[in-house]
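Working notes for the structure below.
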């Protein structure tokens, strides 16, 4: 059964994949987003993700619905982790099962881009020489106090 969730636990990649496998699927594409060490020339020590969990889960489900509408016959699951993550920790897993491989690649790419656009998740970056709440995932809106301000996007 498809899953769209926010978790503070390590993501079970196999469980996310198994949630989309079905007899009509000839392709299963998995995107795994991890914490990288260098961002824009700064050495990252860790990240902290925060979210409005219930709203974020609704938006993840919305993305799944958009995928189903755009690519009939596809099953998708998206799980995003919140909390403090170390280098190489898994932050997000997207699994897409489709009859053919091209659609699974397209839908997976669509999902990660939509997550950054509409899901209320934000992050704090910890570097060797400082830290900063970055804001939304497109890095268009800074959240200096650790979360969106009342009335902000």
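Numbering (the numbering used here), first residue to last: 249 to 401.
Using N, Cα and C, we set each Cβ at its ideal position, and we do this for glycine too.
Check: Expected contact under 8 Å - CB spacing of residue 367 and residue 304 to nearest Å; Outcome: 5 Å
Check: Alpha helix (DSSP H) segments (min. 4 residues) lying fully within the segment 285 to 323; Outcome: 301 to 318
Check: Nearest-angstrom Cβ-Cβ length linking residue 371 and residue 296, presumed shorter than 8 Å; Outcome: 6 Å
Check: Close-in-space but distant-in-sequence residues of the same chain around residue 270 (CB under 8 Å, 5 per side omitted); Outcome: 323, 345
Check: Beta-carbon spacing of residue 252, residue 321 below 7 Å; Outcome: no
Check: Cβ neighbours of residue 352 in the same chain (closer than 6 Å, five flanking residues each side left out); Outcome: 275, 277, 344, 346
Check: Extent of the continuous beta strand (DSSP E) to which residue 277 belongs; Outcome: 275 to 282
Check: Per-residue DSSP class, three states only, for residue 269; Outcome: coil
Check: Runs of beta strand (DSSP E) wholly within the segment 321 to 386 (minimum 3 residues, chain order); Outcome: 323 to 329, 331 to 334, 338 to 346, 369 to 375, 378 to 384
Check: Residue 250 vs residue 325 beta-carbon contact at 7 Å; Outcome: yes
Check: Unbroken beta strand (DSSP E) run spanning residue 259, endpoints; Outcome: Per DSSP, residue 259 belongs to no beta strand (DSSP E) and is neither H nor E.
Check: Proximity of residue 339 and residue 294 at Cβ, strictly below 7 Å; Outcome: no
Check: Reference residue 373; option with closest CA among 332, 359, 361; Outcome: 332
Check: Pair within 7 Å by beta-carbon distance, residue 329 and residue 255; Outcome: yes
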